[in-house]
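Participant: According to numbering that gives the first Met the number 0, the residues represented by the sequence shown are 0 to 81, in order. Here's a structure for you.
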Amino acid sequence: MVHSTLEKTILRKMFFDGRIGGRHLGEQDLCRGFPSHEKGNIPKSLKKLIKEGLIDNHPTSYGMQYSLNPHRIKEIQDVLES
Numbered sequence: 000m001v002h003s004t005l006e007k008t009i010l011r012k013m014f015f016d017g018r019i020g021g022r023h024l025g026e027q028d029l030c031r032g033f034p035s036h037e038k039g040n041i042p043k044s045l046k047k048l049i050k051e052g053l054i055d056n057h058p059t060s061y062g063m064q065y066s067l068n069p070h071r072i073k074e075i076q077d078v079l080e081s
């Protein structure tokens with residue numbers, strides 16, 4: 000499947016920060032570092048990556064948290080290399 004530059008950047012940021020499995024972060028923290036004109040597109044990209052199964056969402060008492068799916072790391076690395 001073809002991934003946009005924003006989706007690859009989200010995956011890269013989470014991968015190199017070690018946000019895999021139990022280590023997760025919120026959408027607000029994920030948006031940090033992106034240009035202001037891209038921040039509105041992040042929720043849409045997150046939904047697409049969750050639907051593909053590359054990112055897991057974890058409901059918590061303080062909001063939704065996101066991490067990379069530990070069972071799909073090889074596929075995530077392939078996306079980052081393409």
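Beta carbons are placed, not taken as given, at the ideal position from N, Cα and C, and that holds for glycine. Since we're looking at a predicted model, the values are computed, not measured.
1) Can you check whether the CB of I19 is closer than 7 Å to the CB of L67?
2) Considering just the uninterrupted stretch of the beta strand (DSSP E) at S66, what are its terminal residues?
3) Give the secondary structure of H70 by DSSP, where H, G and I count as helix, E and B as strand, and everything else as coil.
4) So, L79 versus N40, is the Cβ gap smaller than 7 Å?
5) Are the CB atoms of H70 and Q64 within a distance shorter than 7 Å?
6) What residue range does the alpha helix (DSSP H) around P42 cover?
7) Cutting at 8 Å between CB atoms, please list the residues of its own chain near E74, excluding the five before and the five after it.
8) Identify every residue that forms a DSSP beta bridge with I19.
Facilitator: On the basis of the supplied data:
1) yes
2) 62-67
3) helix
4) no
5) no
6) 41-51
7) L53
8) L67
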